[in-house]
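All remarks here apply to the structure that follows.
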Amino acid sequence: MGMHQTHTYLEATILNLFTTLNIHLSKPLRTTLVELIVCLLENNKAHLSKLGEYLCDNQINIMTPIQRIRRFLSNPKISPSLTVRPLIYLMRPLLEKLPEIILIVDRTDWEKRQQHINILSVAVSYKGRALPLYWMVFGKKGNSSLEQWKQVLFPVIIVLQQMSWLSDKNIHIHVVADREFASPKLAEWLKNLYDVSVTLRIKASMYLMGEDTPEIKVASLIRKMAKGSRHILYNQVLTRDSSFKMNVLLTWNKDYDEPLVVATTLANPIHADATYEQRFNIEHMHKD
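Under my numbering, the first residue of the sequence shown carries the number 584, and numbering increases by one thereafter.
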């Protein structure tokens, strides 16, 4: 298929998809969207100058398409709220073959031109990579909050649970996240309201308390571990201001420098570390 045919096919596909989903996008926005998709499919780098070169007509200044791309990206109509449903529809051939949907929550930040870029995102794990579904951008540095985690997870979970091709196959959703998100309140919100499983890496500074065991700091448990060991603690309350119970897996892989401690809502946490390790797929996404 030639470039012109690819462009025409993509434009028709996107228009048909948006019509099906009752999403209205002007022709200029739709045209730019198609051009950028074709550009990226041609293995061009997702960089303004490279995209500008691709879209540049020899008779115009390269800054013209760059400014057009900037206007497109800053247009409020082009937002994760608009694209999350079409994205999941387009990913159907991939998602419906998975044994479960692993959603990764992560935050990345960097400084560019004395301006801080802070991005909180939700991505789906797929074959060693993470495919972004929803994100929020903050103009300041610092950790994110429970309310912000809910804001990025809610739209994704709602759309996924509306897909009959997932529910009919009984494909469950599982959220994994690192220590920044180690909140039993997040796990309780996901499990009780949406029946979504959760596996979170927890901090050494956190406290655990079982039904018949006294409160103990995670750091104290870690100090007693040896490489190659695995321990499971059931029905643990995390932190002193929560009553939500989770199972905890402590494991120290011989290839790692430190133990891994994860809390999970899974009834059998024996493989919770393997589930959590899919979180690292999002690191590849940031590098890509």
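Each residue gets a CB set at the ideal place from its N, CA and C atoms; glycine is no exception. Note that the structure is predicted; figures quoted are calculated from it, not measured.
Start and end residues, alpha helix (DSSP H) containing residue 745: From DSSP, the alpha helix (DSSP H) with residue 745 extends over 729-745.
Whole angstroms is fine: what's the gap from residue 750's alpha carbon to residue 836's? Taking C-alpha positions only, residue 750 is separated from residue 836 by approximately 35 Å.
For residue 754, which residues of its own chain have a beta-carbon under 8 Å away from its beta-carbon, when the five flanking residues on both sides are left out? Apart from sequence neighbours up to five positions away, the residues of its chain that approach residue 754 with a beta-carbon distance below 8 Å are 678, 679, 681, 682, 683, 684, ordered along the chain.
DSSP three-state call for residue 863: helix, strand or coil? It is helical.
Roughly how many whole angstroms lie between the Cα atoms of residue 839 and residue 831? When rounded, the separation of the alpha-carbon atoms in residue 839 and residue 831 is 19 Å.
Cα-Cα, which of 842, 780, 834, 847 is closest to residue 818? The candidate whose alpha carbon is nearest that of residue 818 is 847.
What is the residue span of the beta strand (DSSP E) that residue 815 lies within? It spans 813-821 - the beta strand (DSSP E) in which residue 815 sits, taken as one unbroken run.
Work out the CA separation of residue 619 and residue 630 for me, nearest whole Å. Counting only the Cα atoms, residue 619 lies some 11 Å from residue 630.
How big is the Cα-Cα spacing for residue 736 and residue 705? A straight line joining the alpha-carbon of residue 736 with that of residue 705 spans about 7 Å.
Proximity below 8 Å, CB of residue 689 to CB of residue 865: In contact: residue 689 and residue 865 (Cβ atoms closer than 8 Å).
Short of 7 Å in beta carbon distance, which residues of its chain neighbour residue 783, apart from the five on each side in sequence? Order them along the chain. Once the five neighbours on either side are set aside, the close Cβ partners of residue 783 are 760, 764, 765, 770, 845, 846.
Relative to the alpha-carbon of residue 622, which residue among 593, 779, 727, 647 has its alpha-carbon at the smallest distance? Closest by C-alpha distance to residue 622, out of 593, 779, 727, 647, is 593.
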